[in-house]
Structure formats: structure tokens, C-alpha cells
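A.B. asks: For the record, the sequence lines run as chains A and B.
Per the numbering used here: the first sequence = residues 1041 to 1404.
Per the numbering used here: the second sequence = residues 1041 to 1404.
For glycine and all other residues, C-beta sits at the position ideal for the given N, C-alpha and C.
Here you go, one structure.
2 protein chains.
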Amino acid sequence: MVKVKGKRKIVCVIMAGGRGTRFWPLSRNSRPKQLLKILGDHSMLQMTVDRLRKINFVEDIYIITGPDLEEIIKNEIEGISPDRIIVEPSGKNTAPCIGLAALHMAAKNPDSIMGVFPADHLIIGHQKFSSALRMAMNLTVGRDALITFGIVPNSPHTGYGYIQFDKRKETVPGKVYMVKTFAEKPNERVAKRFVRSGEFLWNSGIFVWKVSSILSAIELHMPELSQSLLAIYDALGKRYYHSTLLDQWELIKPESIDYGILEKSDNIYMVKSEFQWSDVGSWNSFFELSPKNGMGNVVKGDVIVLDGENNLIHSNGKLTAVIGIDNVVIINTPDATLVVSRDRVEDVRELVNLLEESGREEVL
Amino acid sequence: MVKVKGKRKIVCVIMAGGRGTRFWPLSRNSRPKQLLKILGDHSMLQMTVDRLRKINFVEDIYIITGPDLEEIIKNEIEGISPDRIIVEPSGKNTAPCIGLAALHMAAKNPDSIMGVFPADHLIIGHQKFSSALRMAMNLTVGRDALITFGIVPNSPHTGYGYIQFDKRKETVPGKVYMVKTFAEKPNERVAKRFVRSGEFLWNSGIFVWKVSSILSAIELHMPELSQSLLAIYDALGKRYYHSTLLDQWELIKPESIDYGILEKSDNIYMVKSEFQWSDVGSWNSFFELSPKNGMGNVVKGDVIVLDGENNLIHSNGKLTAVIGIDNVVIINTPDATLVVSRDRVEDVRELVNLLEESGREEVL
Chain A
1041 MVKVKGKRKI VCVIMAGGRG TRFWPLSRNS RPKQLLKILG DHSMLQMTVD RLRKINFVED
1101 IYIITGPDLE EIIKNEIEGI SPDRIIVEPS GKNTAPCIGL AALHMAAKNP DSIMGVFPAD
1161 HLIIGHQKFS SALRMAMNLT VGRDALITFG IVPNSPHTGY GYIQFDKRKE TVPGKVYMVK
1221 TFAEKPNERV AKRFVRSGEF LWNSGIFVWK VSSILSAIEL HMPELSQSLL AIYDALGKRY
1281 YHSTLLDQWE LIKPESIDYG ILEKSDNIYM VKSEFQWSDV GSWNSFFELS PKNGMGNVVK
1341 GDVIVLDGEN NLIHSNGKLT AVIGIDNVVI INTPDATLVV SRDRVEDVRE LVNLLEESGR
1401 EEVL
Chain B
1041 MVKVKGKRKI VCVIMAGGRG TRFWPLSRNS RPKQLLKILG DHSMLQMTVD RLRKINFVED
1101 IYIITGPDLE EIIKNEIEGI SPDRIIVEPS GKNTAPCIGL AALHMAAKNP DSIMGVFPAD
1161 HLIIGHQKFS SALRMAMNLT VGRDALITFG IVPNSPHTGY GYIQFDKRKE TVPGKVYMVK
1221 TFAEKPNERV AKRFVRSGEF LWNSGIFVWK VSSILSAIEL HMPELSQSLL AIYDALGKRY
1281 YHSTLLDQWE LIKPESIDYG ILEKSDNIYM VKSEFQWSDV GSWNSFFELS PKNGMGNVVK
1341 GDVIVLDGEN NLIHSNGKLT AVIGIDNVVI INTPDATLVV SRDRVEDVRE LVNLLEESGR
1401 EEVL
């Protein structure tokens, strides 16, 4: 029994197609957040790869991304062989992305257990992360389980989705629960209620399931997507694979895995996870996660602060000098500079939209 | 009588040696404030030249500057012949500078009336400026007068020196007074008292006197400087002029004309001037003098403000995007960016000192 357990393996897919507009002007179309060395010496994607490679029960790692990032990922990311990079023709949100990855895995081994990981999240606490993953992997045995990972909130964060779990439906005491509902990003009042209740954890966007389970769920809840995936599956390894993929992908409607599958299913489990997690979703969360200097500033590059507190200042290839400024994010790049109040970082996305509408491709 | 008056002329010298560190990073050692097109399409120095050239009783215009700016002034400033550029070997404050200019003028014509003008001040109201200058010029006739120009304050400015005039000693009713004292930049409380009193006007740093009068005053109050100037005078037009100038300049102690001469003299007059004047002494005065957009921002270059009021944003050759920032000065240049609270612009000078101490010549 111990021996069988020891042989159990998981195949991981890292979703690396995101654009990361909220990290403009450091993130660009050609270099989105997951490819930035934003926290330390390695890109977020490389950190995600390395995190999984260290786990002895990880059998294989795939990266799924768009055609625009394929080359840069092949060139920059170490530890992934080129034939493990799956290219989706365009971004259609997470359900089609996960479906495409699942059918590639099914073709190799229909009994695979699949783990899904965003490329651009921060995880601290490797042992706890590995334990949670092993627990989820084992939970798939003999179960058609779709497994999510809930993070115990350390604040009533309004930037995250929440998972409400059912305290009475405890699959592994204190560790695994059945999921009651998924909640979208709440307002502050609701978020506080969530956290007080003890029944709502942050939705980390990490999933584990058997390949067969997720493909069945897609067949059940997203039959059109399932049809397209079947057509693509039949073309796998054929010379017309690429044209079939392109044709089918045109037909596919964008949809999130949360809305398309998870909210409609009743076999959703949640591993109550103890590792530290952040989606590093804005300049402000980057600020909060980074070490501060004596004045509470996070600085990188050639920066002089004559006076000022709690700023994030990032200067790329030039001098940035600051006097008498507090609680501001300054991102200085060779062709574009952003100065944004720390309480307005969510609006960077709106700014990027505005730049798109104005045809400012040269800075996007 | 009218005819004689009409023939009276003034020779102007523009002091253009200043470094203008308070306009960093736009101003640099190689391009100080007077050479920036900071208010409009022409540099401050060119505006000063043009202002004087329009006046029909201006006979000649000299520029006095340092060796580092000689070439750029010869190349860029129109309307000044190269032999009217006087080079002082190094900056020794205004008294030696004015003394050197005066002896050059004395060599041409010892009866010259001399006007002294800073190169980097803003003057609005040409007719009023011209009238004040004519009044001062006429005041020198038959008098050993050292004439200053007082500007009626529109605020209790703490960045200016003040002239206290003697209301009882009215030389021209309502227009020209004897000067009682000069006051250094006051604190806010004192500045308010000055303005309330009606006896204190801003010291514009513009002067008119006969060349013979200022040289006599230097002889009386600054005998060492006078000795050096005499030695330089004797060398004028000789092949050893340059070496004499260098030798004597080494001996000269830096001193302002205010402290070295004016505060010690009792023949000081003040023309109560009606033109608008600013020394454009900081980014904040530049902000105040510039036209604002609907959100109260002064913007120049490629700037997007998603939300924000009362900012000065200057973007040179790249995009600057701002969200949720008020009352801030942002100066973005190709190799250095400054972000400073509008109430801290005076500290830019301290920043430049810091950069000097750190050996950051490449951005100075």
C-alpha cells in the first residue's frame, strides 16, 4: 500500500498566457508579468517551474501559453523541454486553456492526475505547498474529485475570489472539505464578513483532478467546448493538427473554469492550505511582498529618496530622484514612466485600456 | 532739452553665469536655466536679450558668463555679436561680475550709463519695464545714484529679498524713493509684515548706474576688488589680458553686489516698478507662471493624467502617465527623473548637492 502511494505521480500544467496589464509599464505585451523578475532574480514563471521541479512526485511539467510568448519562454525558461510547451492560438480564458492542456495529457496517459498552476503567483512555504499538493493528488484516488486550494485569509482582501467550504462535509478532518460556493471579489464589508465567518478562504486558482474527471466535467457542463476539444484530440500528432486547432479555437467561447465548470459541479473539494500565497495582482501587492528599507520604501535600480515613506520606486536604466513623496508607486522605464498613488494601483488597468484605445502600441 | 533727453542711451549687461540647480533635471551644468526654453519658445536669456533690443534707448548689450557657457551662448543667442560676450574665468558672485563688465564699458566710454539684468528672470509688461528703465537712466543725470528696481509684492513671498524704501525721501513723487535697507529672504511671518507695511518691495536684482558711479563705489567699499579690476583694466586690449584676468580673478573674493556695495552705500535709489516680475526661482514658480489645463495641471510633452490636480508634469521624449496624484512636480528626462512634492521644490538644490557629493557628474 505504501509502495503504491509512493509511485503515484502528478502531471503539472502552468498557465502562462496572461497579459498582466496591471504591471505596466514594466509589463508589456511582449513581456507580461510572468516573465518579469519582479520578486527576486528569476521570473515568476521560472519560480513556478522551479517550485514544481523540486517536488519528487511531480512526473512532468507543461506550460501552456500564447503564440506571442512561445519563443521567449523556450529561450528563457529552464527545465522545460520545448515539446512540453502547448500553444493556444489565443486567450479564451481558463476553461478552454485547461481543456486543451488536459487533452494533450490524456493522449499521453488517460489515467494522469493533473495539477493546474497560474504562472504568476507567489508561494512561500515549500513543504506546506508540497503537502497540500500530495493531499489533493491522493484525494483523486477512487474519486471523481475537482480539487481547489483555499488559502486562510490574513486580511479581508477585496482583490481575491473566495471559496466557501462546508464545515460539516469534512473529507479529511481539518484539511479537506467539500465546497459550498464560490464568491467573486467582494466589497470591503462583505470581505470582512467572509473572514469573520471562518468559512471563506481565498481561491488560489490552483486545481488538481484526474484528466478524465475534468474532461467529463467539460463534457457535462460545456458541451460545445467538449466538441471542439474532441476534434482537436483527434487531430493530435497529425499534420493537420495546427489548422484543426485554429479552426476549432475560432469556435470556442471564452469562459473561466470557475464559472464554466466549478460553480456548476457538486464534486468540488477544497484543500485548506497553509502555505503563504499571493496572486501579486497589483503594484501594491508587489510593494507589500517586498522588503522595505528604513524609510519603508521598496526601491530597485538607481533611486535617491531625499525624503519620503512607503513608496515603491523602480528605476530601470536611469536615475529617479524623489523628494517629499509618500505612498506612491513610481515605475521608471526607458520609454514610459508611471506615477500612481498606492491606493489607485487598480486603475493601471484602465490606463492601459486607454493607451490601447489611443493606438499607443509602442508603449504596450 | 527734449533733444538731449532723446539722445541719452544706456548700455546693458546681462549676467548669464548662473547654474540654476533648482531646475534639475532639466537644467544641467552644460545647460543651466537661462539657456532653457522653460517659458515659451525661447530661452530665458534670449527673452532677456530680445526685451532689451526692443528698447530704443538701449545703445548696446553685453552678456557676461563663464567659459563653459561661452560657446553655447555664441551659437544659440541671436542679436549679440561675439565681441559683446565678456567671459569671467569663474563665478565669484555678482560684485566681481558687475565690476568686470563695468571696466569693459568704461574702456569704451567712461560716461556710459550701465544697466544690469539677470539672464533668467521673467518680466511681463514691456511698456512699464521700458518706462522704469528710462526713469532710472534719467535719474543718473547729475547724480552719483545707484538705482534698484522694487517690485510691488502680490504675495508675502519668502523666496525673494526685499527693499525697504524711505517714504519721506521721494525723489520722483510716487515713483522713485531713497532706499532705507535691504532685507534678506524673510520667513513667512516677517514677509507678511513686510507686505502689510507697504514699505517693502521685492528686490528684482536689476540695477542702473553710471559706470563711473559703480566703479567709485567699488573703490570705496571693496578696495581689494578695485585693485584687481584696475590691473585688469590696464591689460585690456593687450596680449596679456587673458593671463592678467586669470591671475587677478584668483585673488578676488566672491561677494554679492548687495552685500559688498549696496548695503554699505547711502546713494541708493529705488524705482517703484509696475511691470510683473518673477525670478522663476523654482519648479513651483514655473508652475505658477504657466497656463493650466482644466484639471489645474501644467503639462508639457507626452503626458497622460488619468486623475490628478495641480501638478507640473514635464515629459521629455517619453510617455509619463499619472494616476491619483495631486500637487506634485514630475520632470522626466532621458537620463533622470524627478518626482517632488510642490511644497518641497526648494530642496531640489539639496538634491543636486547630494548628487555632486556622490560624484554623479553624468547627471549634473
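Tell me, which residues are paired with B:His1354 by DSSP?
C.D. replies: Partner(s): B:Lys1340, B:Ile1371.
A.B. asks: Can you tell me whether B:Thr1198 is helix, strand or coil according to DSSP?
C.D. replies: Coil at B:Thr1198, not helix or strand.
A.B. asks: Which residue wins for smallest C-alpha separation from B:Gln1167, given the options B:Ser1195, B:Ala1231, B:Arg1091?
C.D. replies: Checking every option, the nearest Cα to that of B:Gln1167 belongs to B:Arg1091.
A.B. asks: On a CA-only basis, which of B:Asp1387, B:Phe1326, B:Gly1106, B:Glu1349 is nearest A:Gly1348? Give me that one, please.
C.D. replies: With distances taken between Cα atoms, A:Gly1348 lies closest to B:Asp1387.
A.B. asks: Should B:Arg1229 be labelled buried (16 or more other beta-carbon atoms within 10 Å of its own) or exposed?
C.D. replies: The residue is exposed, with fewer than 16 neighbouring Cβ atoms inside 10 Å.
A.B. asks: With three or more C-beta pairs closer than 8 Å as the rule, is the region 1340 to 1355 of chain A touching the region 1219 to 1227 of chain A?
C.D. replies: These segments do not touch.
A.B. asks: Less than 8 Å between CB atoms is the rule here; does B:Ala1274 satisfy it with respect to chain A?
C.D. replies: This sequence places Asp at residue 1274 of chain B; Ala is not what is there. False, the Cβ-Cβ gap to chain A never drops below 8 Å.
A.B. asks: From this set, A:Ile1126, A:Gly1131, A:Ser1130, which residue's C-alpha is nearest A:Ala1142's C-alpha?
C.D. replies: A:Ala1142 has its Cα closest to that of A:Ile1126, out of A:Ile1126, A:Gly1131, A:Ser1130.
A.B. asks: Just how far apart, CA to CA, sit A:Val1335 and B:Asn1194?
C.D. replies: Before going on, a small fix: residue 1335 of chain A reads as Met here, not Val. Those two C-alpha atoms are separated by around 39 Å.
A.B. asks: For B:Gly1057 and B:Glu1111, which I take to be in contact (beta-carbon distance under 8 Å), what is that distance rounded to the nearest angstrom?
C.D. replies: The pair is not a contact, with the Cβ atoms about 14 Å apart (cut-off 8 Å).
A.B. asks: Please list, in chain order, the chain B residues whose beta carbon lies closer than 8 Å to that of A:Val1403.
C.D. replies: Chain B residues near A:Val1403: Leu1359.
A.B. asks: Return yes when the Cβ of A:Gly1139 is within less than 8 Å of the Cβ of A:Gly1106, no when it is not.
C.D. replies: The answer is no: Cβ separation not under 8 Å.
A.B. asks: Restricting to Cα atoms, I'd like to know which of B:His1144, B:Phe1157, B:Asp1123, B:Arg1174 is closest to B:Thr1134.
C.D. replies: The shortest Cα separation from B:Thr1134 among B:His1144, B:Phe1157, B:Asp1123, B:Arg1174 belongs to B:Phe1157.
A.B. asks: Return yes when at least one heavy atom of the ligand ATP lies under 7 Å from the C-beta of A:Lys1132, else no.
C.D. replies: Of the ligands one can find in the structure shown there are none, so the ligand ATP has no counterpart to examine.
A.B. asks: Check the Cβ of B:Glu1390 against every Cβ in chain A and list those closer than 7 Å, keeping chain order.
C.D. replies: Simply Leu1346.
A.B. asks: Is the number of C-beta pairs between the region 1231 to 1241 of chain A and the region 1299 to 1309 of chain A that are closer than 8 Å three or more?
C.D. replies: Judged by Cβ distances under 8 Å, the region 1231 to 1241 of chain A makes no contact with the region 1299 to 1309 of chain A, as fewer than three pairs qualify.
A.B. asks: For the putative contact between B:Val1343 and B:Asp1375, defined by C-beta atoms under 8 Å, what is the C-beta separation to the nearest angstrom?
C.D. replies: Not confirmed; about 19 Å, so no contact.
A.B. asks: Should B:Ala1376 be flagged as near chain A, meaning a C-beta pair shorter than 8 Å?
C.D. replies: Chain A contact via Cβ: present.
A.B. asks: Should B:Ile1490 be flagged as near chain A, meaning a C-beta pair shorter than 8 Å?
C.D. replies: Nothing in the structure corresponds to residue 1490 of chain B, since chain B is present only between 1041 and 1404.
A.B. asks: Taking contact to mean at least 3 C-beta pairs separated by less than 8 Å, is the region 1246 to 1259 of chain A in contact with the region 1178 to 1191 of chain A?
C.D. replies: Enough Cβ pairs lie closer than 8 Å, so yes.
A.B. asks: So B:Ile1095 and B:Leu1162 are in contact, right, with Cβ under 8 Å, and what is the actual spacing, rounded?
C.D. replies: Not a contact, Cβ separation roughly 17 Å.
A.B. asks: Strictly under 8 Å for the Cβ-Cβ distance: is B:Ser1381 near chain A by that measure?
C.D. replies: Yes, B:Ser1381 counts as interfacial toward chain A.
A.B. asks: Would you decide whether B:Tyr1280 is buried or exposed? Buried here means 16 or more other CB atoms lie within 10 Å of its CB.
C.D. replies: With fewer than 16 Cβ atoms within 10 Å of its Cβ, B:Tyr1280 is classed as exposed.
A.B. asks: Is it a yes or a no for the region 1060 to 1069 of chain B touching the region 1304 to 1324 of chain B, going by three-plus beta-carbon pairs under 8 Å?
C.D. replies: The region 1060 to 1069 of chain B is in contact with the region 1304 to 1324 of chain B.
A.B. asks: DSSP three-state label for B:Glu1303, please.
C.D. replies: In this structure, B:Glu1303 counts as helix in the three-state DSSP scheme.
A.B. asks: Can a CB atom of chain A be found closer than 8 Å to the CB of B:Arg1384?
C.D. replies: Chain A, which has a Cβ nearer than 8 Å to the Cβ of B:Arg1384, makes this yes.
A.B. asks: Around the C-beta of B:His1282, are 16 or more other C-beta atoms found within 10 angstroms, so that it is buried, or is it exposed?
C.D. replies: By the 10 Å Cβ count, B:His1282 comes out exposed.
A.B. asks: With 16 as the cutoff for other CB atoms within 10 Å, does B:Ser1398 come out buried or exposed?
C.D. replies: Under this definition B:Ser1398 is an exposed residue.
A.B. asks: How would you label A:Ser1083, buried or exposed, when you count the other beta carbons within 10 angstroms and need 16 or more for buried?
C.D. replies: When all chains shown are included, A:Ser1083 counts as buried.
A.B. asks: Quick one: using the 10 Å Cβ neighbour count with 16 as the cut-off for buried, is B:Leu1286 buried or exposed?
C.D. replies: So B:Leu1286 counts as exposed.
A.B. asks: Check whether the Cβ atoms of B:Gly1214 and B:Ile1203 sit closer than 8 Å, and answer yes or no.
C.D. replies: No, these two residues do not count as a Cβ contact at 8 Å.
A.B. asks: For A:Phe1205, which beta-bridge partners are listed by DSSP?
C.D. replies: A:Phe1205 pairs with A:Val1219.
A.B. asks: For B:Asn1333 versus B:Asn1350, is the C-beta distance shorter than 8 Å?
C.D. replies: Against a cut-off of 8 Å, the Cβ pair of B:Asn1350 and B:Asn1333 comes out as no contact.
A.B. asks: Can you tell me whether A:Leu1075 is buried or exposed? The criterion is at least 16 other CB atoms within 10 Å of its CB, across all chains shown.
C.D. replies: Classification of A:Leu1075: buried, given that the 10 Å Cβ count is 16 or more.
A.B. asks: What separation, rounded to the nearest whole angstrom, lies between the Cα atoms of B:Val1216 and B:Glu1116?
C.D. replies: Rounded to the nearest angstrom, the two C-alpha atoms are 37 Å apart.
A.B. asks: Could you give the uninterrupted runs of the alpha helix (DSSP H) lying entirely in the region 1212 to 1260 of chain A, keeping only those of 4 residues or more?
C.D. replies: Within the region 1212 to 1260 of chain A, the complete alpha helix (DSSP H) runs of at least 4 residues are 1228 to 1237.
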